[in-house]
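Enquirer: I have a structure I would like to understand better, so I am pasting it below and will then ask my questions one at a time.
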Amino acid sequence: MKVALINPKQMDTINGRYPHLGIGSLASILEKNNIEVKIWDMPVSELNEEDISNMLQDYDPEIVGITSNSFTFLEAKKLAGLSKSINPDVLTIVGGPHISIYPVETLVNNEFDIAIPGEAEISFLNVVQTLQNNKKLEDIRGVVYRNGSQIIKNSPEKLISNLDNLPLPARHLMPNDSYFSPIAHNDNYSIVTTVRGCPFKCFYCSSNNGKSFRMRSPSNVVDEIEFLINEYDTEYIQFYDDSFSFNKNRVREICRQIKERDLEFKWDVRTRVDMVDAKILEDMEDAGCKRIRYGMESGDQRILDIMRKGITLEQINNAVDLTKEVGGMEILAYFMIGTPGETLESIDKTISLAQNLSVDHVRFNITTAYPGTDMYKFGLESGYFDQDYWLQYARGELDYIPDLIFETEEYNRNDLEKIIKHAKEVCS
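If you're matching positions, the sequence shown starts at 28 in the numbering used here and goes up one per residue.
As structure tokens, then:
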């Protein structure tokens with residue numbers, strides 16, 4: 028049996044082209060079980076629909092798996108439809124963050140046969156093996172499928188408790204030479220994830236892998252780093268965890284093993300301002316860390332509390348001071364403008380904080396309500412949004428991507444865009 032895994036094209040590849048480790052992990056599991064698989068990464072390899080059409084005809088897979096976030100869902104539908112037009116008997120499976128929120132609604136779209144919400148490695152493999160053995164889908168946990176006119180949602184699959192048991196992503200199937208990030212300049216670039224799930228409950232965020240927070244062991248993480256350096260001459264690694272330094276002892280051990288194995292590469296992380304201290308920053312810098320991305324979000328404590336961010340302005344300032352004292356690492360600060368409860372006064376506080384912090388780069392974004400977040404639920408319940416746009420989108424009732432923000436009597440979308448432009452200018 029042959030499987031094709033596709034990452035749909037995206038709107039923006041100017042700001043970087045990144046490995047899709049989700050389908051890389053799926054491919055690795057399939058190969059481990061002697062199943063033939065290919066990865067087609069459209070945005071990275073600059074593939075269009077005609078390219079995919081030709082590849083589908085040449086490869087003739089029995090199964091086409093498509094990953095989708097909320098911004099690529101329409102493209103995922105097109106790809107599934109294209110696959111069916113070439114081979115009506117092909118099985119189309121869709122997964123990814125957007126499908127994890129709306130698995131049943133997704134199958135209202137006839138282009139898809141099966142949806143796999145959440146972690147897909149076990150369920151996807153079970154689907155393939157079930158089809159190989161001419162068995163039925165009803166006993167496979169973690170899948171949503173169509174049975175005649177009915178959409179059936181099976182019980183969820185258990186989360187993978189020990190992430191070290193997963194094989195490394197099948198990078199030999201991925202277009203490694205095409206990845207880049209502006210921050211890496213001309214260095215050979217890749218990404219690594221070391222955790223799944225999230226222990227926090229921020230107002231604006233949805234957890235795609237369940238609330239259970241799991242971490243790879245330090246040796247498992249450093250094994251992947253060493254593999255990337257030895258096999259692909261990787262020079263710059265971006266750790267894609269939201270809170271890399273959540274467990275300081277684990278980070279210290281990762282840094283120790285990097286040094287012990289004489290692994291020379293540049294790297295950067297995303298983390299929280301309440302999860303760093305002088306010692307962990309020193310260890311990270313000594314092991315080659317070149318940049319830290321802090322999600323600061325707001326310069327108004329009231330707004331931080333509304334966001335359920337769980338940090339204080341004092342912690343923001345302290346994290347910046349500590350990072351500067353250690354030296355050797357750039358600081359990138361992220362802020363959100365237009366959160367529910369925001370006022371022009373609170374926005375001014377945010378811009379003022381960003382101006383006065385000794386950081387190297389600042390990013391401002393308009394707060395947007397994404398599916399599966401408490402913020403989106405609030406927007407619906409409080410009347411900010413007159414329809415459940417994301418639900419309609421999942422059902423295929425909209426031919427555009429919802430762009431939902433929180434306008435008030437003080438500012439509208441146009442005002443927020445001007446504010447963001449001003450903020451970038453004064454903080455540049």
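Note that the Cβ used here is the ideal one computed from N, Cα and C, for glycine as well.
Verify the CB distance criterion: does Gly368 have a CB-CB separation below 8 Å to chain B?
Expert: Structure shown: chain B not included; a single protein chain is present.
Enquirer: So His388 is in the beta strand (DSSP E); what residue range does that whole segment cover?
Expert: Counting from one through the sequence shown, the residue named residue 388 turns up at place 361. Here the beta strand (DSSP E) through His388 covers 388-393.
Enquirer: Please name the residue, chosen from Val91, Asn81, Leu371, Val248, that lies closest to Ala450 on a Cα-to-Cα basis.
Expert: Within the sequence shown, numbered from 1, the residue matching residue 450 stands at position 423. With distances taken between Cα atoms, Ala450 lies closest to Leu371.
Enquirer: Strictly by DSSP, which residues pair up with Val64?
Expert: Start at 1 with the first residue of the sequence shown, and residue 64 comes out as number 37. Val64 pairs with Val30.
Enquirer: Could you tell me how far apart the beta carbons of Tyr206 and Arg44 are, in whole angstroms, since I believe they sit closer than 8 Å?
Expert: The count along the sequence shown starts at 1 and reaches residue 206 at position 179. The count along the sequence shown starts at 1 and reaches residue 44 at position 17. At roughly 5 Å, the Cβ-Cβ gap stays under 8 Å, so Tyr206 and Arg44 are in contact.
Enquirer: Can you have a look at Phe254 and say buried or exposed, based on whether 16 or more other CB atoms are within 10 angstroms of its CB?
Expert: Taking the sequence shown and counting its residues from 1, one reaches residue 254 at position 227. Label assigned to Phe254: exposed.
Enquirer: Just verifying my parser: in three-state terms, what is the DSSP assignment at Asn178?
Expert: The sequence position of residue 178 within the sequence shown is 151, counting from 1. Looking at the sequence shown, residue 178 is not Asn but Ile. Strand, per DSSP.
Enquirer: Bridge partners of Lys293, per DSSP?
Expert: Here residue 293 refers to the residue found at position 266 of the sequence shown. In DSSP, Lys293 forms a bridge with Tyr263.
Enquirer: Which of the three DSSP states, helix, strand or coil, is assigned to Ser217?
Expert: Here the question's residue 217 lines up with position 190 in the sequence shown. In this structure, Ser217 counts as strand in the three-state DSSP scheme.
Enquirer: May I have a chain-ordered list of the alpha helix (DSSP H) segments no shorter than 4 residues that lie completely inside the segment 273-317?
Expert: Qualifying alpha helix (DSSP H) stretches, in chain order: 275-287, 305-313.
Enquirer: Between Pro429 and Arg440, what straight-line distance do the alpha-carbon atoms span, to the nearest angstrom?
Expert: Counting from 1 along the sequence shown, the entry for residue 429 is found at position 402. Counting from 1 along the sequence shown, the entry for residue 440 is found at position 413. The alpha-carbon atoms of Pro429 and Arg440 are separated by roughly 14 Å.
Enquirer: Note down, in chain order, each residue of its chain lying with its Cβ closer than 6 Å to the Cβ of Arg320, except the 5 sequence neighbours on either side.
Expert: Residue 320 sits at position 293 when you count from the first residue of the sequence shown. Within the same chain, Arg320 has close Cβ partners Arg297, Leu359.
Enquirer: When you compare the CB positions of Met201 and Asp68, do they come within less than 8 Å of one another, or not?
Expert: Position 174 of the sequence shown, counting from 1, holds the residue named residue 201. Position 41 of the sequence shown, counting from 1, holds the residue named residue 68. Contact: yes.
Enquirer: Nearest CA to the CA of Phe273: which residue from Val71, Ser182, Phe240, Tyr263?
Expert: To locate residue 273, count along the sequence shown from 1; it is residue 246. Cα-wise, what sits closest to Phe273 is Phe240.
Enquirer: State the DSSP-derived secondary structure class of Glu132, mapped to helix, strand or coil.
Expert: In the sequence shown, the residue the question calls residue 132 occupies position 105. Looking at Glu132 - three-state DSSP - the assignment turns out to be helix.
Enquirer: In or out: Asn235 buried (at least 16 other Cβ within 10 Å) or exposed?
Expert: Position 208 of the sequence shown, counted from the first residue, corresponds to residue 235. Reliability of the predicted coordinates at Asn235 is poor, the pLDDT of 45 falling under 50, and no value is obtained from them.
Enquirer: Out of His125, Ala381, Gly145, Ile93, state which residue places its alpha-carbon closest to the alpha-carbon of Pro398.
Expert: Taking the first residue of the sequence shown as 1, we reach residue 398 at position 371. Ranking the options by Cα distance to Pro398, first place goes to His125.
Enquirer: On the criterion of 16 or more Cβ atoms from any shown chain inside 10 Å, does Ala147 qualify as buried, or is it exposed?
Expert: Along the sequence shown, read from residue 1 onward, the residue named residue 147 stands at position 120. It counts as buried.
Enquirer: Measuring CB atoms only, is the segment 117-131 touching the segment 161-169, in the sense that at least three cross pairs come out at less than 8 Å?
Expert: Because the criterion of three Cβ pairs below 8 Å is not met, the segment 117-131 and the segment 161-169 do not touch.
Enquirer: Ile264 and Val222 - do their beta-carbons sit closer together than 8 Å?
Expert: Taking the sequence shown and counting its residues from 1, one reaches residue 222 at position 195. Taking the sequence shown and counting its residues from 1, one reaches residue 264 at position 237. No, Cβ-Cβ distance for Val222 and Ile264 is not below 8 Å.
Enquirer: Can you list, in chain order, the stretches of the beta strand (DSSP E) that have 3 or more residues and sit fully within the segment 359-434?
Expert: 388-393, all fully within the segment 359-434.
Enquirer: Per DSSP, what kind of secondary structure is Arg44 in: helix, strand or coil?
Expert: Numbered from its first residue, the sequence shown carries residue 44 at position 17. If DSSP states are grouped into helix, strand and coil, Arg44 belongs with the strands.
Enquirer: Alpha carbon to alpha carbon, how far is Arg390 from Glu357? Give it in angstroms, no decimals.
Expert: To locate residue 357, count along the sequence shown from 1; it is residue 330. To locate residue 390, count along the sequence shown from 1; it is residue 363. Glu357 and Arg390: Cα-Cα distance of roughly 14 Å.
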